[in-house]
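Quick note, the sequence shown lines up with residues -11 to 111 if you use this note's numbering.
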Amino acid sequence: DPLLRQQKLEDIQTCYEIKFSHISDRYFKSQPWPHPDQVYPLVEDDVFLMLYKELYFRHLYAKLGQTLTLDQRMESWENYSVLFERIFSDEDEMQSIDLPVQWLWDMVDEYVYQFQDFCRYRT
């Protein structure tokens, strides 16, 4: 049903653009969100976890910046690699998920930013 699909997309967009930042500011202003390993047993959904990780690592980069560990940087990069692989795959449930254009743009932007940041970190 196209109408239901559009409503879900609008709900996701509201969560992404408004609720995520409100929750971050209220509860996680100076600390990281719960690690994805702590969240997975509560939802047990690989697609949700991959999207949660994207937001989790973006929040880490925003809050911890240059104090990120090598392991955190590598885990974030690995998640983006898997995320893009699944988004561009024709054989996955990701094809049935609509994400807001702004979120997709932000994913690409963050991916490039983290690559540049890692190159600076290496030097």
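Built from N, CA and C at the ideal position, the CB exists for glycine as well. This structure is a prediction, so every number in the text was calculated from the model and none was measured.
- Pairing D25 with M38, the inter-Cα distance amounts to about 11 Å.
- Taking each of Y49, R110, P88 in turn and checking the Cα distance to Q60, the smallest one comes out for Y49.
- For a cut-off of 8 Å, the C-beta gap from Y4 to W93 is around 11 Å, too long to register as a contact.
- The C-alpha of F103 lies about 8 Å from the C-alpha of W65.
- Secondary structure of D33 (DSSP, three-state): coil.
- For E5, there is no enclosing alpha helix (DSSP H), as DSSP gives it neither H nor E.
- Using a 10 angstroms sphere on the CB of R46, the tally of other CB atoms reaches 16 or more, which defines it as buried.
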